[in-house]
Amino acid sequence: MKLLSGKVAIVTGAARGIGAAIALKLAEQGANIAFTYVSDSSAEKAAALETAIINLGVKAKAYQANAGDFGACETLVNAVLAEFGAIDICVNNAGISKDNLLLRMTAEQWDDVMNTNLKSVFNMTKQVIRPMMKAKLGSIINMSSIIGK
Ligand SMILES: NC(=O)c1ccc[n+]([C@@H]2O[C@H](COP(=O)([O-])OP(=O)(O)OC[C@H]3O[C@@H](n4cnc5c(N)ncnc54)[C@H](O)[C@@H]3O)[C@@H](O)[C@H]2O)c1
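For the sequence shown, my numbering gives the first residue as 16, with consecutive numbering after it.
Quick look at the structure:
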């Protein structure tokens, strides 16, 4: 029996990079995986990851959802609960960086970073804690960065 057999994990921003690696690692340990991507250009990579995860013998589904959008996260979590029946693990991985001198940073860039890296954690956590509290079980993992510090 694998460590996460039968568990359901949701990983945000997993079409590539660290999120994709986390999704694959959780799947290798037997977890069923719901994961998100945001832009149309990532759809192909998301489909490839979905297939790679299914080939590990677990369930997988990619969802296009902006983690910085509260309503989109609510819709996402409801869809995942309907499809998978539970959410045991939430990995808040989606993140962007727009490193720049404050002098050059636009208000739009600031909002993008705050919404994607910070508000997303509130958006997702707020949605997943209700089913997790009901189940008296759940793990929430938030990705951070030295840049955040
Ligand atoms: N790579 C590093 O060295 C490093 C270091 C410290 C922290 N991190 C953190 O790790 C996490 C992953 O980083 P990475 O290097 O894999 O980045 P990446 O750019 O390779 O991947 C980020 C993923 O998030 C997705 N994403 C972006 N905005 C999103 C949104 N609004 N909603 C949903 N998905 C969205 C992107 O499509 C992409 O798939 C980030 O939170 C990042 O801040 C990375």
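Glycine residues also receive a C-beta, built at the ideal position from the N, C-alpha and C atoms.
Selection from Lys-17, Arg-31, Phe-50 and Ala-35 that minimises the alpha carbon distance to Ile-10: Here the chain comprises residues numbered 16 to 164, so residue 10 is not present and cannot be evaluated.
Pair within 8 Å by beta-carbon distance, Cys-88 and Ala-77: no
Proximal residues to Gln-142 (C-beta, below 7 Å), its chain only, five neighbours per side dropped: Cys-88, Glu-89 and Val-92
Distance cut-off 7 Å: Tyr-78 Cβ against heavy atoms of ligand 1: no
Opposing strand residues paired with Phe-50 [DSSP bridges]: Val-26 and Ala-77
Rounded separation between Leu-19 and Thr-121 - CA only: C-alpha of Leu-19 to C-alpha of Thr-121: approximately 43 Å in a straight line.
Whether Val-128 touches Thr-27 by CB criterion (8 Å): no
Segment limits, alpha helix (DSSP H) that includes Ile-155: Following the DSSP letters along the chain, one finds Ile-155 in no alpha helix (DSSP H) but inside the beta strand (DSSP E) bounded by residues 154–157.
Start-to-end residues for the alpha helix (DSSP H) that takes in Asn-138: 135–150
Nonlocal neighbours in the same chain, by C-beta distance under 6 Å from Ala-75, ignoring five residues either side: Ile-48, Glu-65, Ile-68 and Ile-69
C-alpha distance - Ser-112 paired with Lys-40, whole-angstrom precision: 24 Å
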